[in-house]
Amino acid sequence: MFGIRFIKFDSTTYVVHYKKGKVVKEGRGLAFYYYAPSSSIVALPLGSDDVQFIFNGTTSDAQTISVQGQITYKIDSPKQLAELLDFTVDEKGKYKKDDKEKLHQRLINEAQTATASFVQSLDIKSAIRSAKELEQKINETLKVSKAIEILGLVPLSVNVLAVKPDPKTEKALEAKTREALQGEADLAIYDRRNFAVEQERKIKESELNTEIAIEEKRKQIDEKKMQSEVQRADNDRKLREMKIDADTAIEKKKMETEMLRGKHDRELREMNLTTEIELENKRKEFVEMKVENEKKEAEAKAYALDIQLKAYKQLEWKTIMAISGRNMSPAENISFAFREMAENAQRIGNLNITPDLLSNIMQQQQ
9 MFGIRFIKFD STTYVVHYKK GKVVKEGRGL AFYYYAPSSS IVALPLGSDD VQFIFNGTTS
69 DAQTISVQGQ ITYKIDSPKQ LAELLDFTVD EKGKYKKDDK EKLHQRLINE AQTATASFVQ
129 SLDIKSAIRS AKELEQKINE TLKVSKAIEI LGLVPLSVNV LAVKPDPKTE KALEAKTREA
189 LQGEADLAIY DRRNFAVEQE RKIKESELNT EIAIEEKRKQ IDEKKMQSEV QRADNDRKLR
249 EMKIDADTAI EKKKMETEML RGKHDRELRE MNLTTEIELE NKRKEFVEMK VENEKKEAEA
309 KAYALDIQLK AYKQLEWKTI MAISGRNMSP AENISFAFRE MAENAQRIGN LNITPDLLSN
369 IMQQQQ
């Protein structure tokens with residue numbers, strides 16, 4: 009109504025709103041109302057975009073090749089690009105002109121220029137194998153290109169998908185390559201057979217050398233065995249001699265030991281005999297001394313006893329019994345009474361002794 013419109017853009021679109029030739033507003037992802045009769049809206053995509061390309065080139069050996077690939081870029085300065093190309097949209101957001109194709113074509117032209125100069129320095133075979141080198145060359149050319157810089161673009165990557173020769177040339181190359189490959193295959197078969205023969209010869213030679221080495225080792229082993237047997241016999245002889253010498257030395261030592269033991273025993277017996285003689289002499293002297301001492305002791309005791317008894321010789325037995333101080337039993341008193349009667353028997357006329365009295369005396373004595 010009355011020419012007023014509403015328009016909205018996403019966040020990856022840079023929008024410039026012109027009114028009567030002057031910028032009213034600009035920015036990313038805008039949404040606004042505008043008066044259509046006096047307004048002009050420019051929309052530039054800020055996201056990355058891809059450009060497919062395919063073009064021909066001529067190699068140094070005058071062969072035609074086709075290069076197919078893709079360029080990825082983004083708009084770095086949208087306002088600068090809007091001044092060079094027309095990205096005006098209508099009220100529905102559709103571009104009024106197709107200047108995006110112009111932008112793509114300028115990128116392709118820069119890539120083709122870089123490719124042409126590079127391919128002309130290569131022959132057909134090298135050019136077919138130069139995809140990575142072409143990618144690097146195109147990428148470097150786009151980054152330093154003044155035209156790309158003026159447009160406000162930044163190249164992100166370049167991919168060369170295929171480098172193909174002319175179909176006839178491709179068939180010729182295939183045939184030539186096929187023959188070369190066949191020749192290489194035949195040569196490989198020949199080399200393999202020759203290698204097998206050479207390996208067989210080396211194996212036979214190695215087997216012969218191994219047998220010779222084995223025989224040499226056997227010879228050395230036999231010599232070592234003979235040397236070992238001679239050495240063993242010599243060692244056995246030396247061991248026998250050492251054993252005989254050892255046995256002789258042992259017997260000699262035994263004889264010397266026996267002689268020393270006999271001498272020692274003889275000396276020991278002589279010493280024992282001498283000791284026994286000395287002991288017997290000492291014992292004899294001791295006995296004689298002991299007898300002499302006992303004799304003197306007995307004489308002394310006899311003399312003392314004689315002196316003691318000399319006083320008792322003049323006393324009667326009755327007096328001795330009385331002074332002994334010992335209490336006599338009734339039986340002893342009766343016995344003494346009988347003794348006294350026996351001494352005075354001439355004075356006794358008749359004496360009667362009953363058996364009971366004698367029996368009593370005998371029982372008490374027992």
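Residue numbers 9 to 374, in the working numbering, belong to the letters of the sequence shown in order.
We put the beta carbon where it would ideally sit given N, CA and C, even for glycine.
So what does DSSP say about residue 99, is it helix, strand or coil? In the three-state reduction of the DSSP assignment, residue 99 falls in the coil class, being assigned neither a helical nor a strand state.
State the start and end residues of the unbroken alpha helix (DSSP H) segment that holds residue 134. Note, residue 134: alpha helix (DSSP H), 132-136.
Helix, strand or coil: how does DSSP classify residue 76 here? The answer is strand: DSSP assigns residue 76 an E or B state.
Report the partner residues of residue 205 according to the DSSP bridge assignment. The secondary-structure analysis by DSSP pairs residue 205 with nothing; it has no beta-bridge partner.
Measuring straight from C-alpha to C-alpha, what distance separates residue 247 and residue 285? Here the alpha carbons of residue 285 and residue 247 stand approximately 55 Å from one another.
State buried or exposed for residue 311, treating a residue as buried only when at least 16 other CB atoms are found within 10 Å of its CB. By the neighbour-count rule (16 or more Cβ atoms within 10 Å), residue 311 is not buried but exposed.
With three or more C-beta pairs closer than 8 Å as the rule, is the segment 11-24 touching the segment 45-52? Contact between the segment 45-52 and the segment 11-24 is established, with three or more Cβ pairs separated by less than 8 Å.
If you count every other CB in all the chains shown that lies within 10 Å of the CB of residue 175, and 16 or more means buried, which is it? Counting every other CB atom within 10 Å of its CB across the protein chains shown gives residue 175 a total below 16, marking it as exposed.
Step through the CB atoms of chain C and report whether any lies within less than 9 Å of the CB of residue 124. Judged by its chain identifiers, the structure shown contains no chain C, having just a single protein chain.
Identify every run of the beta strand (DSSP E) within the segment 11-91, keeping only runs that are complete inside it and at least 3 residues long; order them along the chain. As for any beta strand (DSSP E) of minimum length 3 sitting wholly inside the segment 11-91, the runs are 12-16, 21-27, 30-36, 39-43, 47-53, 57-66 and 72-83, ordered along the chain.
So what's residue 172 in DSSP terms, helix, strand or just coil? Strand, per DSSP.
Helix, strand or coil: which one does DSSP assign to residue 115? DSSP, reduced to helix, strand and coil, places residue 115 within a helical segment of the structure shown.
Can you tell me where the alpha helix (DSSP H) holding residue 128 begins and where it ends? Per DSSP, residue 128 belongs to no alpha helix (DSSP H) and is neither H nor E.
Can you tell me the Cα-Cα spacing of residue 118 and residue 149, whole angstroms? Between residue 118 and residue 149, the C-alpha separation is close to 7 Å.
Output needed for residue 60: all residues of its chain with C-beta closer than 6 Å, excluding positions within five of it in sequence on either side, in chain order. Hits under 6 Å: 78.
Would residue 87 and residue 162 qualify as a contact pair, given that the criterion is a beta-carbon distance under 9 Å? Note that the C-beta distance between residue 87 and residue 162 is not below 9 Å.
To the nearest angstrom, report how far apart residue 63 and residue 69 are at their CA atoms. Cα to Cα, the separation comes out at about 18 Å.
DSSP state of residue 161 mapped onto helix, strand, coil: Three-state DSSP puts residue 161 in a strand.
Taking the alpha carbon of residue 132 as the point to measure from, which residue in 177, 144 and 112 has its own alpha carbon closest? From the listed residues 177, 144 and 112, the smallest Cα separation to residue 132 is found for 177.
Which residue's Cα is closest to the Cα of residue 58: 224, 105 and 80? Minimum Cα distance to residue 58 is reached at 80.
List the endpoints of the continuous alpha helix (DSSP H) containing residue 142. Per DSSP, residue 142 belongs to the alpha helix (DSSP H) from 139-152.
Cα-Cα separation, residue 227 to residue 240: One Cα belongs to residue 227, the other to residue 240, and the distance between them is close to 19 Å.
Report the CB separation of residue 445 from residue 171 in whole angstroms; it is logged as a contact under 8 Å. Summary: the structure shown does not reach residue 445, with the chain confined to residues 9 through 374, and so no result is reported for it.
Could you please give me the residues that DSSP links to residue 167 through a beta bridge? In the DSSP output, where bridge partners are listed per residue, residue 167 has 78.
Residue 105 (DSSP reduced to helix, strand or coil): Residue 105 falls in the coil class under three-state DSSP.
Apart from the five residues just before and just after residue 31, which ones in its own chain have a Cβ nearer than 8 Å to its Cβ? Around residue 31: 24 and 25.
Under three-state DSSP, which class holds residue 281? If DSSP states are grouped into helix, strand and coil, residue 281 belongs with the helices.
Given a threshold of 16 other Cβ atoms within 10 Å of its Cβ, counted over all protein chains shown, does residue 95 qualify as buried or as exposed? Classification for residue 95: buried.
Out of 18, 85 and 257, which has the shortest C-alpha to C-alpha gap to residue 159? Closest option to residue 159, Cα to Cα, is 85.
Tell me the DSSP secondary structure of residue 94 in three-state form. Coil at residue 94, not helix or strand.
Candidates 297, 304, 173 and 200: which alpha carbon is nearest residue 72's? Checking every option, the nearest Cα to that of residue 72 belongs to 173.
According to the neighbour-count rule (16 or more other Cβ atoms, all chains shown, within 10 Å of its Cβ), is residue 216 buried or exposed? With fewer than 16 other Cβ atoms within 10 Å, it is exposed.
Residue 121 in three-state terms, based on DSSP: Annotated three-state conformation of residue 121 is helix, per DSSP.
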